[in-house]
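Participant:
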Amino acid sequence: MTTSYTSPLPESIDELWERRAELTPDSTDARDVIVGAVDQIDTGKARVAFVDAATDEVVVDQRAKRAILLSFRVLGMEESTVGGFRHHDRIPLKTRLDGVRVVPGAIARWGAYLAPGVVLMPSFTNIGAYVGSGTMVDTWATVGSCAQVGENVHLSGGVGVGGVLEPPQASPVVIEDDAFLGSRSMVVEGARVRRGAKLGAGTILTASTRVFDAETGEELRRGEAPAWSVCVTANRVKSFPGGDFGMPCLLVLKRLEEGQEHDKLALNDLLREHGVNA
């Protein structure tokens, strides 16, 4: 967390964190503070992380992550039902769904923020996640704990956006506005998909994934899909004592002018030209 950032959550969360080992569901005063803090995350008044417009760096609110972790200590196990389905958990389902379309089979936990205009197909959104307006979370996609997803993003079927709770200072996955993640793509370990980037089906991006420009061969910043680019998973040969092996990397096939959108048919044609589907 940068020195210039002040969390909107109460300082008492840090005090409770220091004595977390002694907290239980019977710690009623502590529970009220913690539930109130997670409620602020649930409503979008606080969030686990965001991109600082001035520095372009991801800022993590450690206090928000601590509040979420503390909730597992002070909330007891409770039974609930949804139709014929029975659940037994500490974290209830989200109830604030104003302006959000939730298709039967979709699950969102309390402590996740869903902006008006979000569409959830049968999918899973975990506690601490943030999903911006106009974003589609398609069938069987997963938005992990504390993952930050921007506006007008499309998470295609089966996409996995990884979560992170511990350690508290670890950066979550960030998917910026106008991004597109093709079917069965995986973005994990605090990786970042910058604005307008498009990932072909099955693309894997982690914080340590090496990234290369297909036109120039230049190596780019690891763990990031560049803004307004089309990217796919590829392999780069690396020599080991036991032989030469293909190691996965992210290949930037094409770059666009800032703000330029892909025609979907043109995007499909580009990816299929390289043996990849959207």
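In numbering that gives the first Met the number 0, the protein residues as written are 0 to 277. Glycine included, each C-beta is placed from N, C-alpha and C at the ideal position.
If I'm right that L198 touches G222 with Cβ under 8 Å, what's the distance once you round it to whole angstroms?
Facilitator: Not confirmed; about 13 Å, so no contact.
Participant: Between A146 and G131, what straight-line distance do the alpha-carbon atoms span, to the nearest angstrom?
Facilitator: Taking the straight line joining both Cα atoms gives about 11 Å.
Participant: When DSSP labels each residue in this structure, what does I106 get in the three-state scheme?
Facilitator: Residue state, collapsed to three classes: strand.
Participant: Secondary structure at E223, three-state DSSP: helix, strand or coil?
Facilitator: Here E223 sits in strand by DSSP.
Participant: By Cβ distance below 7 Å, which residues in the same chain neighbour T2 in space, the five residues on each side in sequence not counted?
Facilitator: At T2, the pLDDT of 47 sits below 50, so the modelled position is not reliable and the matter cannot be decided from this model.
Participant: Could you tell me whether the Cβ atoms of V210 and V172 are closer together than 9 Å?
Facilitator: For V210 and V172, no; Cβs fall outside 9 Å.
Participant: Considering only residues of the region 36-74, which uninterrupted beta strand (DSSP E) runs meet the minimum length of 3 residues and lie entirely inside it, listed in chain order?
Facilitator: 48-50, 57-59, all fully within the region 36-74.
Participant: Where do the N-terminal and C-terminal ends of the beta strand (DSSP E) with D88 fall, by residue?
Facilitator: Unbroken beta strand (DSSP E) run through D88: 84-88.
Participant: Can you tell me whether Q168 is buried or exposed? The criterion is at least 16 other CB atoms within 10 Å of its CB, across all chains shown.
Facilitator: Exposed, since its Cβ has fewer than 16 Cβ neighbours within 10 Å.
Participant: Give a yes or no on contact between the region 178-193 and the region 147-167, applying the rule of three or more CB pairs nearer than 8 Å.
Facilitator: Yes: the two stretches touch, three or more of their Cβ pairs being nearer than 8 Å.
Participant: What are the boundary residues of the beta strand (DSSP E) that includes L252?
Facilitator: Run containing L252: 242-254, per the beta strand (DSSP E) assignment.
Participant: By DSSP, does V32 sit in helix, in strand, or in coil?
Facilitator: In the structure shown, V32 sits in a helix (DSSP, three-state: H, G or I).
Participant: For the beta strand (DSSP E) holding S79, just list the boundary residues, first then last.
Facilitator: Looking at the DSSP string, the run of the beta strand (DSSP E) that includes S79 is 77-81.
Participant: Taking all protein chains shown into account, decide if R85 is buried (16 or more other Cβ within 10 angstroms of its Cβ) or exposed.
Facilitator: Classification of R85: exposed, given that the 10 Å Cβ count is below 16.
Participant: What residue range does the alpha helix (DSSP H) around S11 cover?
Facilitator: Note, S11: alpha helix (DSSP H), 11-17.
Participant: Would you tell me roughly how many angstroms separate the C-alpha atoms of T134 and D176, rounded to the nearest one?
Facilitator: Their Cα atoms are separated by approximately 9 Å.
Participant: Would you kindly check if the distance between the Cβ of G189 and the Cβ of A206 is under 9 Å?
Facilitator: Yes, they are a contact pair.
Participant: How is the beta strand (DSSP E) around D212 delimited, first residue to last?
Facilitator: Its beta strand (DSSP E) spans residues 210-212.
Participant: Determine the extent of the beta strand (DSSP E) in which L232 is found, giving its start and end residues.
Facilitator: One detail in the question is off: residue 232 reads as Thr in this sequence, not Leu. First-last of the beta strand (DSSP E) with T232: 228-239.
Participant: Quick one: what's got a C-beta closer than 6 Å to A114's C-beta in the same chain, skipping five residues either side?
Facilitator: Closer than 6 Å at the Cβ level, and outside the excluded window around A114, lie G131, S132.
Participant: Quick one: is Y129 buried, meaning 16 or more other Cβ sit within 10 Å of its Cβ, or exposed?
Facilitator: Buried, because 16 or more other Cβ atoms sit within 10 Å of the Cβ of Y129.
Participant: Nearest to S26 by CA position, among L69, T138, E256, is which residue?
Facilitator: For S26, the nearest C-alpha among the options comes from L69.
Participant: Assign K44 to one of two classes, buried (16 or more other C-beta atoms within 10 Å of its C-beta) or exposed (fewer than that).
Facilitator: It counts as exposed.
Participant: Below 8 Å on the Cβ atoms is my contact criterion, and I expect A105 with P121 to pass it. Report the Cβ-Cβ distance as a whole number of Å.
Facilitator: 5 Å between Cβ atoms; contact.
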